[in-house]
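Letter 71 of the sequence shown, counting from 1, is numbered 70 in numbering that gives the first Met the number 0, and no numbers are missing.
All residues carry an ideal CB built from backbone N, CA and C; glycine is no exception.
Given the structure is predicted, the values throughout are model-derived calculations rather than measurements.
Quick notes on the structure that follows.
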Amino acid sequence: MREIIEQNKGFIKAVIKKITGSYNEDIEQEVYIKTWQNLSSYTESGKFRAWITTIAANVCKDYFRSSQYRQKSNEITSEEVLESKSVMASQEKIVDAKLRQKIILKAINDLPRKMRKVVILFEFEEFTIAEIAKKLGEPEGTIKSRLYNARKILAEKLEFLQGEMI
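Below, the structure is given as structure tokens:
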């Protein structure tokens, strides 16, 4: 666990500051506690940094719902009200972005297996068409076709998100 903390300490502080508007040691500690508690549920299928970022974002959301935050927000000045509204607006954008991300990942997961594999390799793992063709033992034309058709399906399924992009 010490190694995880050392490797991610600066990054987690930055995530907390970006979401809440200021660094909060209590939130950072809670992130590491939640990480330790849920470490057994982490799967190697995703990047660890994305996983721990999700934990940090959720801990920050919990903080915004807490009585500690509400009490603190009742004691702020008018300048801090404007700053707080800006922070909450950016926090809402982050939550909206996470929701959009989940919708997109669900749509990708619903693709036929062969198309899903090509999309994941191309879009997330940043393989080239040639590398994917070699890895899957398929002609490049087949890979291009699967990618084109997968994108077409995703565009239809996710059309409702186009107006919501930041």
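Straight across, the Cα-Cα distance linking I18 with L146 is about 35 Å.
Taking the CA atoms as reference points, I26 sits about 30 Å from F123. Counting other Cβ atoms within 10 Å of its Cβ, F10 stays below 16 and is therefore classed as exposed. Counting along the chain, Y147 sits inside the alpha helix (DSSP H) bounded by residues 139–156. S40 sits in a helix when the DSSP states are folded into three classes.
Residue state for E125 is assigned as coil, using DSSP reduced to three classes. Pairing Y31 with Y22, the inter-Cα distance amounts to about 15 Å.
As the crow flies, the alpha-carbon of V58 is around 44 Å from that of E139.
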